[in-house]
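Residue numbers (my numbering), protein chains in the order written: chain X, 1 to 252; chain L, 1 to 252.
Take a look at the structure set out below.
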DNA sequence: AGTGGTTTTGCACGAATTTGCACAATTTAT
DNA sequence: ATAAATTGTGCAAATTCGTGCAAAACCACT
């Protein structure tokens, strides 16, 4: 990777996340922290970012506000997305759901990762076009406009042709007894089918989803392998899920 | 290998990979790094690329992106898009292709139009989410990243389940004898199949496509109903197409 | 063919750049 | 207040760069 590309990458992370953490970049790119720190120093010299202890922030506060405006950019979703992305191993076939958290996963895939990403979300697919080395399989069907995902018989049929290693599922409700649920009937079927076709399923469980239930049940919690939760969730809240045998992955 | 060929090769690598690494090129072509460096220096002098330590990057990534974005908004494409949109009647099943002109069609659909839009372009599908009353059917498959469309066996199979009233086809070449052509092998098959499944096919024929030919043939001109061209095209240029019995629709 | 001039190419060598490590100083967190 | 993390600096190794130079290839013309 060329030096100027690396700087572009850093600026990309900055505009995506609204912040840069030197240590994290060095891990993502497999370079020493010294090198990243040097880059940050130079970029700060050019006025492209503001150096702070531990990393960097956008040069002008206006940029930060812009980045945070959409709800895609909440810290929790970024953290969950990054954590989910880090679970993917080279060569795996991964199913990404629709929704803003899934978009964050797509954005945080290691730029050198070689994998196949299956998605029924046109939004996620468009995001993945930027990634140089992942193969993308798009599931077609009737478009459910609210969340820009394919649903219906055609989608189910296409999904049943796939066998994936892992599925990152987005939901609107996670409840110890009611299980996983969402707000659309067709979408619930699609999510259930995706879950069936993946060896492991992890649920993207931002704070407000825990303990909630939506009208349409996707599957009981026994069908999934674990939850990816934000760091701030208390152990107490997670207890019922742990006792169901789910592995809990904390994002950081 | 001739010097100018080598430079072409370097530019080819640059546009494919988005980067050039001097050492790698010298190994691939079995030449000294000095020679490659000289080439890079000269190409940079001509403004065809941007020299960086270790290799080279596109002349100006910002400019390239900007041009790509700007590309959607040429007057001709807007006019063609608006004209194509006006041809759609309520209740029809319409196939929209990928490409920037198709996006313009999507944007110019009457907001009260009730119709079904079939597309294999994730980009076009996302655009149509804004439209309140059209039903969208997304064709899935392997994602061809260059144009963000689904291709491959899965796409062909899904398309064969459809019967549409009209298909608006985008191409890169329209030639009286060579017929319709495009730059990707798989994409040509998808376009051909879409054409077969539509009662009528109109080709979105911006000025520069007329008389041009690309490597992969989609279909002869006899397979389509007509061309939608921009207003400024001379009658002379259109004569060969009219004599083939194609109806010519002028955008305005 | 031969010849003189130009271009291209590879090599040598010193300069510049990049990168990772050690270490001491500083900041942050517990 | 003490421990942990982060930072800047100096330094050495590796890579890359530019320049000068000579051999080879190519070209135009006789």
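Backbone N, C-alpha and C fix where the C-beta goes; we use that ideal spot for every residue, glycine too.
Fair warning: this is a prediction, and the values are worked out from it, not measured in the lab.
Using alpha carbons as the reference points, say which of the options lies closest to residue i.
i	options	result
residue 21 of chain X	X/2, X/54, X/190	X/54
residue 156 of chain X	X/122, X/128, X/192, X/173	X/192
residue 14 of chain L	L/215, L/143, L/59, L/26	L/59
residue 127 of chain X	L/145, L/44, L/118, L/136	L/145
residue 56 of chain L	L/25, L/186, L/81	L/25
residue 203 of chain L	L/1, L/183, L/172	L/172
residue 174 of chain L	L/137, L/186, L/218	L/218
residue 209 of chain L	L/183, L/44, L/225	L/183
residue 99 of chain X	X/52, X/241, X/227, X/81	X/81
residue 241 of chain X	X/250, X/227, X/252	X/227
residue 116 of chain L	X/143, X/189, X/102	X/143
residue 170 of chain X	X/41, X/10, X/149, X/154	X/149
residue 103 of chain X	X/2, X/220, X/17	X/17
residue 207 of chain L	L/11, L/113, L/185, L/79	L/79
residue 215 of chain L	L/195, L/194, L/186	L/186
residue 252 of chain X	X/120, X/6, X/44, X/23	X/23
residue 19 of chain L	X/12, X/147, X/6	X/6
residue 101 of chain L	L/154, L/213, L/195, L/205	L/205
residue 253 of chain X	X/147, X/44, X/11, X/83	Here chain X comprises residues numbered 1 to 252, so residue 253 of chain X is not present and cannot be evaluated.
If residue i sits next to residue j, beta carbons under 8 Å apart, how far is it from one beta carbon to the other, in whole angstroms?
i	j	result
residue 151 of chain X	residue 140 of chain X	About 10 Å separates the two Cβ atoms, so there is no contact after all.
residue 159 of chain X	residue 197 of chain X	6 Å
residue 76 of chain X	residue 230 of chain X	4 Å
residue 201 of chain L	residue 225 of chain L	6 Å
residue 199 of chain X	residue 122 of chain L	About 26 Å separates the two Cβ atoms, so there is no contact after all.
residue 2 of chain X	residue 52 of chain L	6 Å
residue 118 of chain L	residue 162 of chain L	6 Å
residue 138 of chain L	residue 125 of chain L	5 Å
Per DSSP, residue i forms a beta bridge with which residues?
i	result
residue 169 of chain X	X/203
residue 118 of chain L	L/95, L/137
residue 175 of chain X	X/179
residue 150 of chain X	X/143
residue 216 of chain X	X/182
residue 247 of chain X	X/226
residue 233 of chain X	Residue 233 of chain X pairs with nothing; no bridge assigned.
residue 20 of chain X	X/56
residue 210 of chain L	L/174
residue 51 of chain L	L/56
residue 102 of chain L	Bridge partners of residue 102 of chain L: none, in fact.
residue 198 of chain X	X/164
Check your understanding: Do the stretch 21–33 of chain L and the stretch 103–121 of chain X touch if we need at least three Cβ pairs shorter than 8 Å?
Key -> Taking a cut-off of 8 Å on C-beta distances, the stretch 21–33 of chain L does not touch the stretch 103–121 of chain X, as fewer than three cross pairs fall below it.
Exercise for review: Check whether the stretch 93–106 of chain L touches the stretch 162–170 of chain L, taking contact to mean three or more Cβ pairs, one atom from each stretch, closer than 8 Å.
Suggested key: By the Cβ rule, the stretch 93–106 of chain L counts as touching the stretch 162–170 of chain L, because three or more pairs are nearer than 8 Å.
Check your understanding: How about the stretch 36–51 of chain X and the stretch 77–91 of chain L: do they share at least three Cβ pairs that are nearer than 8 Å?
Key -> no
Practice item. Anything in the stretch 145–173 of chain L with a Cβ closer than 8 Å to a Cβ of chain X? List those residues in chain order, please. Key: 145, 148, 150, 154, 155, 158, 161
Point to revise | At least 3 beta-carbon pairs within less than 8 Å: the stretch 124–143 of chain L vs the stretch 235–248 of chain L | key: no
**Study point:** At least 3 beta-carbon pairs within less than 8 Å: the stretch 43–55 of chain X vs the stretch 174–187 of chain X
**Key:** no
Review point. Residues in the stretch 113–143 of chain L with C-beta within 8 Å of chain X's C-beta atoms, listed in sequence order?
Key: 120, 122, 123, 125, 126, 128, 129, 135, 136, 137, 138, 139, 140, 141, 142, 143
**Study point:** Residues within the stretch 7–24 of chain X neighbouring chain L, beta-carbon criterion of under 9 Å
**Key:** The residues in question are 8.
Check your understanding: Which residues, taken in chain order from the stretch 43–61 of chain L, show a beta carbon closer than 9 Å to some beta carbon of chain X?
Key -> Within the stretch 43–61 of chain L, contact with chain X at the beta-carbon level (separation under 9 Å) is assigned to 50, 52, 53, 54, 55, 56, 57, 61.
**Study point:** Near-chain L residues of the stretch 25–36 of chain X - C-beta to any C-beta below 7 Å
**Key:** Of all residues in the stretch 25–36 of chain X, none has a Cβ within less than 7 Å of some Cβ in chain L.
Check your understanding: Any residues in the stretch 179–195 of chain X with a beta carbon nearer than 8 Å to a beta carbon of chain L? Which ones, in chain order?
Key -> none
Review point. Listed from N- to C-terminal order along the chain, which residues in the stretch 74–93 of chain X have their beta-carbon within a distance smaller than 9 Å of any beta-carbon of chain L?
Key: none
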